[in-house]
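Here the structure is laid out as structure tokens; the discussion comes afterwards.
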Amino acid sequence: MTVSSMRVIYSSLRIGGLVKNTPLLGGIRIHSRKNLNVHLPTCYQCCFYATKEVFKRDKPHCNVGTIGHVDHGKTTLTAAITKRKLAKFKKYDEIDNAPEEKARGITIKIYNVEYSTENRHYGHTDCPGHADYNMITGTSQMDGAILVVAGTDGVMPQTREHILLAKQIGIKHVVVFINKADAADSEMLELVELECRELLTEMGFDGENIPVVSGSALEVLKGNNEEIGTKSIDRLLEAIDTYIPTPVRELDKPPVMPLETVYHIAGRGTVVSGRLERGKLKKGDEVELVGYGKRVKSVVTGVEIFHKTLDEVQAGDKCGLLLRGVKKDDVRRGMFLGKPKTLSMHNNLETKVYLMTKEEGGKGKPISTYMKFEIFSKGWEVSAIAMIPDKEMAMPGDDTLINLRLLKDMAVEEGQRFSIRHIKRTIGTGIVSRIKENMTQEEWEDISLSREKREKRQIQAKYKKKK
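When we follow the working numbering, the leftmost residue of the sequence shown carries the number 17, and every step to the right adds one.
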């Protein structure tokens with residue numbers, strides 16, 4: 017979405033009286049981001065001050081979200097869905113609300129909205145087009161994904177990378193929305209659909225049977241051309257209702273919630289938000305936050321979903337928790353929240369890894385023992401050193417056993433999926449097959465010394481070649 021397109025949307029909304037100044041919540045001055053005469057409180061930062069609306073759990077809940085190439089209309093589609101269905105309408109500017117997002121006309125951070133169909137209640141994540149930390153975090157919270165592809169462009173590099181990351185993280189169901197149908201002819205739309213099905217099949221999805229809907233999110237916001245506007249959103253949501261199954265939640269297990277965001281409210285405490293992966297939590301529960309080698313105990317003093325209060329959150333809910341006696345600097349994104357003494361930290365993992373080929377978007381070069389990578393999993397990002405048993409290198413296209421030594425002790429479980437990135441590129445995906453005994457300080461020193469010797473030998477070899 018370009019800046020000029022944003023202005024078109026904004027002008028149409030202003031004409032309809034949909035853009036206006038919003039008063040400060042409860043008469044309390046809060047931190048906000050301003051642009052185009054819209055006051056936007058930061059997510060969860062002000063929600064515990066606001067007048068409370070009670071969340072009603074009367075439908076099955078499912079988490080979905082938009083993925084796809086930058087500028088293909090993911091945020092515009094999110095705004096169009098909230099305008100069409102049972103939800104509080106979120107304008108484009110309320111979703112792309114950070115100054116840097118407005119300046120560049122792209123989404124950088126993830127954003128969550130809610131809406132309902134006749135059958136289900138949805139939490140919807142609008143992911144950035146850039147395949148970075150925020151995109152990986154947003155995708156990891158989804159039960160199913162909406163792949164947005166512009167009918168004017170077709171499949172682009174980040175389209176492929178988003179599909180790959182979705183597959184790596186474990187998303188099994190994808191619905192395709194071919195956007196910008198108002199600017200493409202029918203033959204072009206057919207070619208883009210064929211291209212999408214072929215790519216999804218190549219990536220391991222059921223590309224032949226995946227629902228594909230064509231339409232224009234911008235026409236929905238303008239209120240024009242009902243066939244490719246509002247009716248296309250109805251067809252999309254019907255496809256989501258029928259194709260993405262209602263997930264089965266693990267409600268009887270101890271609660272676990274990876275932290276996505278952390279905010280501090282003066283005079284109230286610290287608010288953490290994320291998706292509860294299993295179990296239940298309620299006000300008054302004692303909890304422990306674990307990760308980065310730290311343990312922090314607290315008590316839940318407030319619970320909200322989409323700025324609505326409720327007695328108890330369940331597995332699958334994206335929620336905000338107000339914690340007692342926790343300083344903002346004590347906790348950070350990527351830590352796990354659970355009941356005391358139910359979570360443990362580890363730094364020594366046996367993993368099964370697939371290294372992507374250059375054609376799949378990988379590095380196209382082998383990796384070797386003692387190489388250092390960034391590991392992304394469940395909201396955290398930590399550097400790790402690879403140890404490849406019984407051989408020096410692993411080649412692209414290989415399924416191989418790799419022992420990962422995390423440089424920080426993190427909450428990890430067997431079966432946990434992760435992505436491996438090197439120099440800002442995803443080069444592989446893996447799963448934790450076994451958790452090994454934590455590394456001692458002496459073992460870490462041995463690894464560091466071995467790395468230094470190896471690097472020294474490599475420098476000497478390069479120097480000899482130059483001579």
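Cβ coordinates follow ideal geometry from the N, Cα and C atoms, glycine included.
Would you call the CB atoms of A161 and I194 closer than 9 Å?
Along the sequence shown, one-based indexing puts residue 161 at 145. Along the sequence shown, one-based indexing puts residue 194 at 178. In this structure, I194 does not lie closer than 9 Å to A161 by Cβ.
Could you check whether the region 308 to 320 touches the region 249 to 262, counting it as contact only if at least three pairs of C-beta atoms, one from each stretch, sit closer than 8 Å?
Judged by Cβ distances under 8 Å, the region 308 to 320 makes no contact with the region 249 to 262, as fewer than three pairs qualify.
Does the Cβ of K238 have 16 or more other Cβ atoms within 10 Å, making it buried, or fewer, making it exposed?
Numbered from 1 along the sequence shown, position 222 holds the residue referred to as residue 238. Result: buried.
Which residue comes first and which comes last in the beta strand (DSSP E) that contains L163?
As a working note, residue 163 is residue 147 in the sequence shown. Segment A161 to A166, the beta strand (DSSP E) holding L163.
May I ask you to report which of helix, strand or coil DSSP gives T98?
In the sequence shown, the residue the question calls residue 98 occupies position 82. Helix at T98.
Is it buried or exposed, N364, if we count other Cβ atoms within 10 angstroms and call 16 or more buried?
Locating residue 364 in the sequence shown gives position 348, where the first residue counts as 1. When all chains shown are included, N364 counts as buried.
With a floor of 3 residues, list each beta strand (DSSP E) that falls wholly inside the region 216 to 276, ordered by position along the chain.
Segments of the beta strand (DSSP E) lying fully in the region 216 to 276: 228 to 230.
For a test of the three-state rule: what should DSSP assign to R421, helix, strand or coil?
Residue mapping note: residue 421 aligns to position 405 of the sequence shown, counting from 1. If DSSP states are grouped into helix, strand and coil, R421 belongs with the strands.
Closer than 6 Å by C-beta to P39: which residues in its own chain qualify, once you throw out the five before and the five after it? Chain order, please.
For this step, residue 39 is matched to residue 23 along the sequence shown. Note that P39 has pLDDT 35, beneath the 50 cutoff, so the model's placement of it is unreliable and the number below is only indicative. Result list for P39: empty, nothing under 6 Å.
Within a Cβ cutoff of 6 Å, which residues of the same chain sit near T286, ignoring the five residues on either side of it in sequence?
Counting from one through the sequence shown, the residue named residue 286 turns up at place 270. The answer, listed in chain order, is H280, L339, V342 and K344.
Report back the beta-carbon spacing between G295 and G395 to the nearest angstrom; my notes put them in contact at under 8 Å.
Along the sequence shown, read from residue 1 onward, the residue named residue 295 stands at position 279. Along the sequence shown, read from residue 1 onward, the residue named residue 395 stands at position 379. Not confirmed; about 17 Å, so no contact.
Between the alpha carbons of G170 and G89, how many angstroms are there, rounded?
Locating residue 170 in the sequence shown gives position 154, counting from the first residue. Locating residue 89 in the sequence shown gives position 73, counting from the first residue. The straight-line gap from Cα to Cα measures roughly 12 Å.
Tell me whether S464 is buried or exposed, calling it buried when 16 or more other Cβ atoms sit within 10 Å of its Cβ.
For the purposes of this step, residue 464 is identified with residue 448 of the sequence shown, where counting begins at 1. That one is exposed.
Pick out whichever of A95, R433, A427 and G139 has its Cα sitting closest to the Cα of G81.
Residue numbering aside, residue 81 sits at position 65 when the sequence shown is read from its first letter. When each option's Cα is compared against that of G81, the closest is G139.
Counting contacts by CB-CB distance shorter than 9 Å, is K238 in contact with chain D?
Although the question refers to chain D, the structure presented lacks it and comprises just one protein chain.
Using the Cα positions of A182 and K374, report the straight-line distance between them to the nearest angstrom.
Here residue 182 is taken as the residue at index 166 of the sequence shown, counted from 1. Here residue 374 is taken as the residue at index 358 of the sequence shown, counted from 1. Near 18 Å, if we compare the C-alpha coordinates of K374 and A182.
Going by the CB atoms, is the gap between V278 and L297 shorter than 9 Å?
Locating residue 297 in the sequence shown gives position 281, counting from the first residue. Locating residue 278 in the sequence shown gives position 262, counting from the first residue. Their beta carbons are not under 9 Å apart, which means L297 does not touch V278 by this criterion.
Do three or more CB pairs link the region 366 to 373 to the region 327 to 335 at distances below 8 Å?
No, the region 366 to 373 is not in contact with the region 327 to 335.
Relative to the C-alpha of P227, which residue among A233, L216, N241 and V236 is closest?
Stepping through the sequence shown from its first residue, residue 227 is reached at position 211. With distances taken between Cα atoms, P227 lies closest to L216.
Would you identify the three-state DSSP class for I362, choosing helix, strand or coil?
One-based indexing of the sequence shown puts residue 362 at position 346. A small fix is needed here, since residue 362 is His in this sequence, not Ile. Looking at H362 - three-state DSSP - the assignment turns out to be strand.
Let me know if I439 comes out buried or exposed under the rule of 16 or more other beta-carbons within 10 Å of its beta-carbon.
Residue 439 sits at position 423 when you count from the first residue of the sequence shown. Label assigned to I439: exposed.
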